[in-house]
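Notes to accompany the following structure.
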């Protein structure tokens, strides 16, 4: 099962609202892409890369320049954030 941390949900909402102001269709497509790519983690949980100073793994979405830090909790995936690659990454 996928669990979205509160910060990750806020990130998605903020991204959606930002894009919606420019193009509602792009906002919907981007959010759907984020959701579908994260869902692939259920089948391939180790597809994300390991990075020093980052808890868990990092799913890179180059199509939309997004980074999704997550960690594997047994059979569950916990999504920590959804960030644009140019944002300052909060190291944990």
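Residue numbers (UniProt numbering): 1 to 92. Think of the CB as a built atom: it goes at the ideal place given N, C-alpha and C, for glycine as much as any other residue.
Contact set for residue i: own chain, Cβ-Cβ below 6 Å, skip 5 residues either direction
i: residue 27; result: 16, 19, 20
Outcome for residue i when other beta-carbon atoms lying within 10 angstroms are tallied against a minimum of 16
i: residue 14; result: exposed
i: residue 67; result: buried
i: residue 11; result: buried
Distance, residue j Cα to residue i Cα
i: residue 30; j: residue 76; result: 23 Å
Spatially closest choice to residue i from the options, by CA coordinates
i: residue 59; options: 23, 47, 73; result: 47
i: residue 42; options: 7, 72, 11; result: 72
i: residue 8; options: 54, 45, 51, 34; result: 34
Endpoints, the alpha helix (DSSP H) within which residue i is located
i: residue 24; result: 24 to 39
Cβ neighbours of residue i in the same chain (closer than 7 Å, five flanking residues each side left out)
i: residue 70; result: 41, 48, 56, 57, 59, 77, 78, 79, 80
i: residue 82; result: 8, 11, 12, 15, 34, 66, 68
Cβ shell of residue i (< 8 Å), same chain only, five flanking positions each side left out
i: residue 39; result: 2
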